[in-house]
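Q:
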Amino acid sequence: MLHLDLDAFFASVEQLTRPTLAGRAVLVGGLGPRSVVAGASYQARVHGAHSAMPMSRARRLVPAAVVLPPRLAVYRVLSERVFDVVRRIDGAMEQISIDEAFVEPSGLFGAGPDEVLESAERLRADIRASTGLTASVGAGSGKQLAKIASTMAKPDGIKVVPQGTEKDLLAPLPVRKLWGVGPVAETTLRRAGVDTIGKFAALTLPEVTALIGNAIGTELHGLAQGVDHRPVAQRGEAKQVSAETTFDADLSDVEAVRRAVAEMAAHAHRRLVASGRAARTVTVKIRGADFATKSRSATTPTASTNLATLAATARRLTDGALPDSGVRLIGVSLSGLTDFVQPPLFEDGTEEADEANARSAEPAEPPGPVDHQVPERAWRAGDDVRHTEHGHGWVQGSGHGRVTVRFETRNTGPGQARTLAVDDPALTRADPLASLD
DNA sequence: TCTGGGGTCCTTAACCCA
DNA sequence: TCTGTGGGTTAAGGACCC
Numbered sequence: 001m002l003h004l005d006l007d008a009f010f011a012s013v014e015q016l017t018r019p020t021l022a023g024r025a026v027l028v029g030g031l032g033p034r035s036v037v038a039g040a041s042y043q044a045r046v047h048g049a050h051s052a053m054p055m056s057r058a059r060r061l062v063p064a065a066v067v068l069p070p071r072l073a074v075y076r077v078l079s080e081r082v083f084d085v086v087r088r089i090d091g092a093m094e095q096i097s098i099d100e101a102f103v104e105p106s107g108l109f110g111a112g113p114d115e116v117l118e119s120a121e122r123l124r125a126d127i128r129a130s131t132g133l134t135a136s137v138g139a140g141s142g143k144q145l146a147k148i149a150s151t152m153a154k155p156d157g158i159k160v161v162p163q164g165t166e167k168d169l170l171a172p173l174p175v176r177k178l179w180g181v182g183p184v185a186e187t188t189l190r191r192a193g194v195d196t197i198g199k200f201a202a203l204t205l206p207e208v209t210a211l212i213g214n215a216i217g218t219e220l221h222g223l224a225q226g227v228d229h230r231p232v233a234q235r236g237e238a239k240q241v242s243a244e245t246t247f248d249a250d251l252s253d254v255e256a257v258r259r260a261v262a263e264m265a266a267h268a269h270r271r272l273v274a275s276g277r278a279a280r281t282v283t284v285k286i287r288g289a290d291f292a293t294k295s296r297s298a299t300t301p302t303a304s305t306n307l308a309t310l311a312a313t314a315r316r317l318t319d320g321a322l323p324d325s326g327v328r329l330i331g332v333s334l335s336g337l338t339d340f341v342q343p344p345l346f347e348d349g350t351e352e353a354d355e356a357n358a359r360s361a362e363p364a365e366p367p368g369p370v371d372h373q374v375p376e377r378a379w380r381a382g383d384d385v386r387h388t389e390h391g392h393g394w395v396q397g398s399g400h401g402r403v404t405v406r407f408e409t410r411n412t413g414p415g416q417a418r419t420l421a422v423d424d425p426a427l428t429r430a431d432p433l434a435s436l437d
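Per full-length UniProt numbering, the first sequence starts with residue 1, numbered consecutively.
1. Can the beta-carbon of K147 be found closer than 8 Å to that of G138?
2. Use the C-beta contact count for V227: other C-beta atoms within 10 angstroms, 16 or more gives buried, fewer gives exposed.
3. Do the CB positions of S335 and K239 come within less than 8 Å of each other?
4. Using a 10 Å radius around the Cβ and a threshold of 16 neighbouring Cβ atoms, would you call T350 buried or exposed?
5. Any idea what DSSP makes of M264, helix, strand or coil?
6. For A44 versus A25, is the C-beta spacing smaller than 8 Å?
7. By the 10 Å Cβ neighbour count, where 16 or more other Cβ atoms means buried, how is P432 classified, buried or exposed?
8. Return yes when the Cβ of V28 is within less than 8 Å of the Cβ of A11, no when it is not.
9. Roughly how far, in whole angstroms, is the beta-carbon of T131 from the beta-carbon of L78, given that I think they are within contact range, below 8 Å?
10. Rounded to a whole number of angstroms, what is the C-alpha to C-alpha distance between L436 and S41?
11. If contacts are defined as beta-carbon pairs under 8 Å, then H402 and V422 qualify, I think. What distance do you get, rounded to the angstrom?
12. Using the three-state DSSP reduction, which class does residue 439 fall into: helix, strand or coil?
13. Pull up the DSSP beta-bridge partners for I330, would you.
14. Quick test of the definition: if touching needs 3 or more C-beta pairs under 8 Å, does the stretch 164 to 172 touch the stretch 243 to 261?
15. Would you kindly report the start and end of the unbroken beta strand (DSSP E) that includes Q396?
16. Roughly how many whole angstroms lie between the Cα atoms of A202 and E104?
17. If you run the structure through DSSP and keep just helix, strand and coil, what is V405?
18. Going straight from the alpha carbon of E207 to that of H267, what length do you get?
19. Check whether the stretch 79 to 93 touches the stretch 116 to 129, counting contact only when three or more Cβ pairs, one atom from each stretch, lie closer than 8 Å.
20. Which runs of the alpha helix (DSSP H), 4 residues or longer, sit entirely within the stretch 142 to 225?
21. Compare the beta carbon distance of A224 and G331 with 8 Å and say whether it is the shorter of the two.
22. For my contact list, K294 and A321 are in at a C-beta cut-off of 8 Å; report their separation, rounded to the angstrom.
23. Indicate the three-state DSSP secondary structure (helix, strand or coil) for G276 in the structure shown.
24. Classify P301 as helix, strand or coil using the three-state DSSP reduction.
25. Does the Cβ of D383 have 16 or more other Cβ atoms within 10 Å, making it buried, or fewer, making it exposed?
26. Using DSSP with H/G/I as helix, E/B as strand and the rest coil, what is T17?
27. Count the other C-beta atoms from every protein chain shown that fall within 10 angstroms of the C-beta of N411, then say buried if there are 16 or more, exposed otherwise.
28. Would you tell me roughly how many angstroms separate the C-alpha atoms of A58 and P33, rounded to the nearest one?
29. Whose C-alpha, out of P19, T409, V327 and A298, is nearest the C-alpha of R316?
30. Less than 8 Å between the CB atoms is what I'm expecting for residue 449 and L337, so what's the real figure, rounded?
31. So, at 7 Å on beta carbons, what are the nonlocal neighbours of D339 in its own chain, with the 5 sequence-adjacent residues on each side left out?
32. L21 and E14: beta carbons closer than 8 Å?
33. Using three-state DSSP, classify M55 as helix, strand or coil.
34. Is D99 helix, strand or coil by DSSP?
35. Quick check on the burial criterion: 16 or more other C-beta atoms within 10 angstroms. Buried or exposed for D348?
36. With a threshold of 16 other CB atoms inside 10 Å of the CB of L205, please say whether the residue is buried or exposed.
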């Protein structure tokens with residue numbers, strides 16, 4: 001079984017489509033005061049920056065880093081290209097995120113380490129040739145092992161764990177390397193004197209489950225004994241769709257909170273409809289200034305696609321969960337999803353009433369917060385732009401009425417930076433996907 | 001140092017029902 | 001009618017993953 005993991009994916013895509021950034025420290029993440037790092041190039045990691053770290057801290061660690069907001073649309077396109085290559089392999093594939101997948105090539109059944117190595121090397125070369133991205137591959141007898149191996153292979157490498165060597169490989173590793181052991185379980189285990197996978201493997205099943213819980217305990221205990229029979233199988237559709245936002249400063253006004261809930265409901269609803277599903281359960285999530293998170297949910301007998309219905313539920317739930325202090329985060333999640341079959345037109349059964357309603361209500365919905373009265377927002381670092389003369393580029397920075405743009409795309413090689421007037425009529429916003437050409 | 005946004009799954013408790 | 005018992009569902013909170 002193989003685990004394939006793209007190296008520093010978000011940052012690597014930025015370096016690929018903006019060639020000036022190749023070899024430089026890049027941090028991908030929000031620009032706001034409360035954002036965290038979503039991706040860091042290896043040149044940034046050298047200084048201690050990593051994913052999930054508060055961006056403020058990462059910037060302090062790597063003052064020279066270029067900080068860019070994520071361009072998910074670009075990452076999605078490249079991810080698809082990568083996994084199209086992977087899918088050409090005969091066998092099962094399970095994509096587990098935008099940049100990771102398990103693969104079980106039928107040709108490798110019963111193969112020796114050399115054959116596995118060769119096959120993985122070919123896969124990496126194919127991915128590199130067709131996308132320009134590097135992937136690391138781990139190979140082992142089960143999911144956990146393949147995953148741990150790919151981590152050890154990074155960056156741009158391969159690690160094959162031959163049959164029979166599993167325990168020797170795992171024993172010295174910190175228990176935190178196990179997929180499923182996070183900060184809490186790590187602390188619990190450390191307090192019990194268990195800091196390596198070897199020591200963990202020596203525990204009995206009852207000891208393990210008492211420490212870290214039944215489900216994960218049973219699974220990880222089995223793994224430590226070399227038992228990992230989870231199949232590689234394609235994932236189904238999402239079971240939940242949600243939208244949430246953290247405010248730059250806590251909200252104290254109840255009306256502002258309600259507006260935010262309505263916005264998040266609309267955002268989640270948009271994606272619900274796009275996925276062709278209906279939801280039975282609405283959950284509102286509220287995080288207070290003290291970081292304590294409350295959730296309130298309600299389930300209705302029939303699923304709905306109606307924004308007004310879902311948003312009204314969200315609003316009602318909000319009022320029951322407001323903290324005394326300010327509000328830091330608002331989220332709305334829709335679950336209990338069912339495929340939404342468009343009801344037949346002249347049916348008058350009461351069951352379909354809600355959905356029929358939804359159908360007629362949908363087109364009347366505002367398409368989004370579009371307001372042409374509002375002046376276009378200033379250029380922000382990372383924006384894709386197009387200039388009638390210089391072509392496609394990206395904004396490096398702006399201020400004092402000027403904007404600095406680096407004109408380059410994947411295929412131009414490193415480009416020139418030019419400083420222009422912010423209101424230069426030759427300069428317009430551009431589709432980020434154009435940076436792939 | 002001060003903690004995102006999108007998810008999955010697990011645990012516990014309460015409740016309804018057969 | 002009372003007392004278990006056990007399944008299924010809902011709700012709330014958390015751990016964990018990328």
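Ideal Cβ positions, reconstructed from N, Cα and C, are used throughout, including at glycine.
A: Judging by the given coordinates:
1. yes
2. exposed
3. yes
4. Because T350 carries a pLDDT of 44, less than 50, the predicted location of this residue cannot be relied on, and no value is offered for it.
5. helix
6. yes
7. buried
8. yes
9. 6 Å
10. 19 Å
11. The identity of residue 402 in the sequence shown is Arg, whereas the question assumes His. With 8 Å as the limit, R402 and V422 qualify as a contact, their Cβ atoms being about 6 Å apart.
12. What is shown of the chain runs 1 to 437, which leaves residue 439 out entirely.
13. T245 and I286
14. no
15. G391 to G399
16. 30 Å
17. strand
18. 45 Å
19. yes
20. 143 to 153, 166 to 170, 183 to 191, 197 to 201, 205 to 212 and 214 to 224
21. no
22. 5 Å
23. coil
24. strand
25. buried
26. helix
27. exposed
28. 12 Å
29. A298
30. Absent from the model: residue 449. The displayed extent of the chain is 1 to 437, so no value can be given.
31. G276 and R277
32. yes
33. helix
34. coil
35. In this prediction, D348 scores a pLDDT of 44, lower than 50, which makes its location untrustworthy; the coordinate-derived value is nonetheless stated afterwards. Classification of D348: exposed, given that the 10 Å Cβ count is below 16.
36. exposed
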